[in-house]
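Comments concern the structure below.
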Amino acid sequence: MTGTEVSSEVKGVSLESRGIFDGFAEYRTPSVEDYQRLFGSGLVVVDTNVLLTLYRSNQRTRDDLLNVLERLRERLWVPHQVIAEFWRNREHISVLGHHRARAKEVGEALAKAGRSASDALDRWLKQVHVGDDADINSAITEHRQQLGDVLAALQAVIERQAEKDVIADAIDTNSDPVLGRLEPILQGRIGLPLPEQEFADALNEAKRRGREELPPGYEDFKSKPAEQAAGDYLVWEQTLVEASRLGTDVLFVTGDSKEDWWKPRNGHIPARPRPELVQEMFHRTGGRLFMLQPSGLLEQARQVLELEVEASSVLDLEQLQTVKSSGETEWTVEALEALIDLLLGQANVQAYAMLDAAQNEGFVSRATVYEIGGYDETRMLRGFTRPVKTAAKRLQDQGIPIGDIDGLFVAVYDPAFDAVSASGFRLAKEMVPLLRPIAQRVYGEDS
Numbered sequence: 005m006t007g008t009e010v011s012s013e014v015k016g017v018s019l020e021s022r023g024i025f026d027g028f029a030e031y032r033t034p035s036v037e038d039y040q041r042l043f044g045s046g047l048v049v050v051d052t053n054v055l056l057t058l059y060r061s062n063q064r065t066r067d068d069l070l071n072v073l074e075r076l077r078e079r080l081w082v083p084h085q086v087i088a089e090f091w092r093n094r095e096h097i098s099v100l101g102h103h104r105a106r107a108k109e110v111g112e113a114l115a116k117a118g119r120s121a122s123d124a125l126d127r128w129l130k131q132v133h134v135g136d137d138a139d140i141n142s143a144i145t146e147h148r149q150q151l152g153d154v155l156a157a158l159q160a161v162i163e164r165q166a167e168k169d170v171i172a173d174a175i176d177t178n179s180d181p182v183l184g185r186l187e188p189i190l191q192g193r194i195g196l197p198l199p200e201q202e203f204a205d206a207l208n209e210a211k212r213r214g215r216e217e218l219p220p221g222y223e224d225f226k227s228k229p230a231e232q233a234a235g236d237y238l239v240w241e242q243t244l245v246e247a248s249r250l251g252t253d254v255l256f257v258t259g260d261s262k263e264d265w266w267k268p269r270n271g272h273i274p275a276r277p278r279p280e281l282v283q284e285m286f287h288r289t290g291g292r293l294f295m296l297q298p299s300g301l302l303e304q305a306r307q308v309l310e311l312e313v314e315a316s317s318v319l320d321l322e323q324l325q326t327v328k329s330s331g332e333t334e335w336t337v338e339a340l341e342a343l344i345d346l347l348l349g350q351a352n353v354q355a356y357a358m359l360d361a362a363q364n365e366g367f368v369s370r371a372t373v374y375e376i377g378g379y380d381e382t383r384m385l386r387g388f389t390r391p392v393k394t395a396a397k398r399l400q401d402q403g404i405p406i407g408d409i410d411g412l413f414v415a416v417y418d419p420a421f422d423a424v425s426a427s428g429f430r431l432a433k434e435m436v437p438l439l440r441p442i443a444q445r446v447y448g449e450d451s
C-alpha cells in the first residue's frame with residue numbers, strides 16, 4: 005500500500021459504512037422519527053424530580069404528566085435509586101407542602117412591600133414637613149387603606165389557589181391520589197438495587213468522578229456529603245446496566261438542569277446531553293442517549309403520541325424545572341433575604357461574612373471574619389457556620405422553601421495556611437449572584 009492509499013478498514017470497521025455522525029452522535033439533533041422510535045421501542049427512564057414534580061404541579065399539569073406516563077408505561081423504567089430518593093424526599097416540606105409554602109412566601113413578600121410603602125410615606129411626610137397638613141394626611145390615609153385592601157385581596161387569591169392545588173390527602177399513602185395513579189403505572193417497571201460489591205464499586209466511581217469533575221453528579225460533591233452526592237451517578241450506572249441488558253436507546257427525563265448533565269444552551273442552540281454521557285452510553289450499551297426535561301416530554305408526547313396536553317402544563321413544568329434531583333428546591337433571593345434578615349438579628353457576624361463573601365467571588369478569609377467580628381486573635385472559629393444552618397432550618401420549619409443547607413456556607417481548610425484552622429469560608433457557587441443584590445441593599449442601609 006502506498007503512502008497515498010488508505011486502508012478500507014480501521015480496527016475492523018469498514019470506512020465505506022462510516023458517516024459524518026459516527027463517533028459524534030452527541031451533535032445530532034433528535035428528530036420526530038427518533039422520538040417515535042423511543043416511544044415505541046426505547047427505554048424511557050424518569051428521574052426522581054419528575055416523580056416529585058407531580059406534587060408541586062397544579063392539578064391540570066399533574067393530570068397531563070400522569071397521562072403521558074400512563075401512555076408510556078410499557079417503555080418506562082425507574083432505577084432503584086430514583087425510588088429510594090423519591091420516598092426519602094416525598095415528605096419534605098418543599099414537596100408535600102409546596103403550594104402552601106409558596107403562598108406563604110408570596111404573602112410575606114406582599115406584607116413586606118406594604119410595610120416598605122408605608123415606611124416610605126412616613127419618611128416623605130417628615131422630610132417635606134407636611135406631617136401637620138390635614139388634606140395631605142387625609143389623602144395618604146385613604147390611599148394607604150386602599151393599598152392594604154389590594155394587598156389583602158391579592159393574598160386571598162393566592163391562598164385560594166394554593167388550597168385548590170394542594171393534595172389534601174397526600175399525607176396518608178393509602179389515600180394519596182398521586183400514589184393511587186402512580187403505583188399501577190410503575191408496577192413491574194422498577195429496577196433492582198445494585199448487588200453489594202457493584203454498589204460499593206459505584207460509590208467509589210462516583211467519588212472519583214466528583215474529584216475529577218466528570219459527569220454526571222460532580223456538582224453535588226461540591227455541596228453535599230459523599231453518600232448523598234453519589235445519587236446522580238447511581239441513577240446513571242443503574243440506567244447503563246439496564247440499557248445494556250436490553251440493548252436499546254435511552255430517553256432520560258430529568259428536571260435537573262445542572263452542567264454535569266447538560267451542555268448548556270448556546271444562543272439558539274438548545275441544551276443537549278453532555279458529550280461524555282452520550283459516548284459512555286454508546287460504549288457501554290451500543291445505544292444512543294436522548295434527554296428531555298419534563299416539559300419537553302409533554303411537548304413530544306403531544307406531537308408524537310398526539311395526546312391532549314395543555315400548553316399551560318408545558319409552561320408550568322418549565323417553571324418548575326429549577327428543582328434539584330435530590331427533591332429539594334433551589335435557594336431563591338427571597339429565601340436568602342429572609343435568612344440574612346434572621347442572621348442580622350441573631351448572628352450578625354455570620355450574616356456580614358456571607359455578604360462579604362458574595363462580593364468576593366464567594367470566599368471570605370479568616371482575617372476578614374476577625375475584622376468583621378472585632379475578634380481577639382486568640383478566638384477560635386470552630387462552629388462558626390452553625391448559626392447559619394440553625395437559621396436556615398428555622399426558615400424551613402416556618403414553611404419557607406429553601407435549598408441545600410449543608411453546602412450553603414462551609415469552612416475551607418488549606419494545609420498551606422494551617423493544618424487545623426480554617427483559612428476562610430466559602431458560599432455555594434450558585435449563592436453568589438443571588439446574595440450580591442442583598443449585600444448591596446444591606447450595606448447601602450448601613451451607610
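Heads up: take any position in the sequence shown, counting from 1, add 4, and you land on my numbering. Backbone N, C-alpha and C fix where the C-beta goes; we use that ideal spot for every residue, glycine too.
So for residue i, helix, strand or coil by DSSP?
i: Ser-427; result: coil
i: Ala-138; result: helix
i: Leu-335; result: Note that residue 335 is Trp in the sequence shown, not Leu. Here Trp-335 sits in coil by DSSP.
i: Val-436; result: helix
i: Leu-293; result: strand
i: Pro-181; result: helix
i: Ile-194; result: strand
i: Arg-398; result: helix
i: Pro-279; result: helix
i: Val-36; result: helix
i: Ala-174; result: coil
i: Glu-217; result: coil
i: Pro-199; result: coil
i: Glu-231; result: helix
i: Val-313; result: coil
i: Phe-28; result: coil
i: Gly-407; result: coil
i: Gly-23; result: coil
i: Ser-330; result: Its pLDDT being 39, under 50, Ser-330 is placed unreliably by the model, and the measurement read from it follows with that caveat. Ser-330: coil per DSSP, three-state reduction.
Do you know offhand how far residue i's Cα is from residue j's?
i: Arg-127; j: Gln-149; result: 18 Å
i: Arg-288; j: Arg-119; result: 60 Å
i: Phe-28; j: Ala-234; result: 28 Å
i: Leu-321; j: Val-313; result: 12 Å
i: Phe-90; j: Gly-291; result: 27 Å
i: Asn-53; j: Met-295; result: 14 Å
i: Leu-250; j: Pro-229; result: 33 Å
i: Lys-15; j: Glu-241; result: Reliability fails at Lys-15, whose pLDDT of 45 lies under 50, so the model's placement of it is uncertain and the value that follows must be treated cautiously. Approximately 28 Å between the Cα atoms of the pair.
i: Tyr-356; j: Leu-125; result: 29 Å
i: Lys-393; j: Ile-409; result: 6 Å
i: Thr-243; j: Ile-404; result: 34 Å
i: Leu-80; j: Leu-151; result: 51 Å
i: Ile-162; j: Asp-153; result: 14 Å
i: Leu-76; j: Gln-307; result: 14 Å
i: Leu-351; j: Phe-388; result: Residue identity differs from the one stated: residue 351 is Ala in this sequence, not Leu. When rounded, the distance between both Cα atoms is 10 Å.
i: Leu-385; j: Met-358; result: 15 Å
i: Met-435; j: Trp-335; result: 8 Å
i: Glu-246; j: Leu-343; result: 43 Å
i: Pro-34; j: Arg-22; result: 19 Å
i: Gln-232; j: Val-282; result: 24 Å
i: Leu-218; j: Thr-372; result: 34 Å
i: Leu-55; j: Gly-349; result: 39 Å
i: Trp-266; j: Gly-378; result: 45 Å
i: Pro-220; j: Val-49; result: 15 Å
i: His-96; j: Gln-400; result: 10 Å
i: Asp-260; j: Pro-298; result: 10 Å
Which one or two residues does DSSP pair with residue i in a beta bridge?
i: Phe-413; result: Leu-431
i: Ile-189; result: Paired residue(s): none; Ile-189 is not in a bridge.
i: Val-82; result: Ile-194
i: Lys-267; result: Arg-276
I think residue i touches residue j, with their Cβ atoms under 8 Å apart; what is that distance to the nearest whole Å?
i: Leu-346; j: Arg-398; result: 7 Å
i: Asp-360; j: Val-368; result: 5 Å
i: Val-446; j: Arg-430; result: Not a contact, Cβ separation roughly 20 Å.
i: Leu-302; j: Val-72; result: 6 Å
i: Glu-209; j: Asp-264; result: Not really, about 14 Å apart at Cβ, beyond 8 Å.
i: Gly-192; j: His-84; result: At roughly 14 Å, the Cβ-Cβ gap does not stay under 8 Å, so Gly-192 and His-84 are not in contact.
i: Ala-107; j: Ala-166; result: 4 Å
Is the beta carbon of residue i within less than 7 Å of some heavy atom of the ligand MN?
i: Gly-44; result: In the structure shown, the ligand MN is absent, as is every other ligand, since no ligand is present at all.
task = Give, in chain order, every unbroken run of the beta strand (DSSP E) that is at least 3 residues long and sits entirely within the segment 236-265.
result = 254-257
Segments assigned beta strand (DSSP E), at least 3 residues, entirely inside the segment 335-393 = 367-369
message = Going residue by residue through the segment 38-80, where are the continuous alpha helix (DSSP H) segments of at least 4 residues, counting only ones entirely within it?
response = 52-60, 63-75
inquiry  = Restricting to runs no shorter than 4 residues, where is the alpha helix (DSSP H) found entirely within the segment 94-136?
reply    = 102-131
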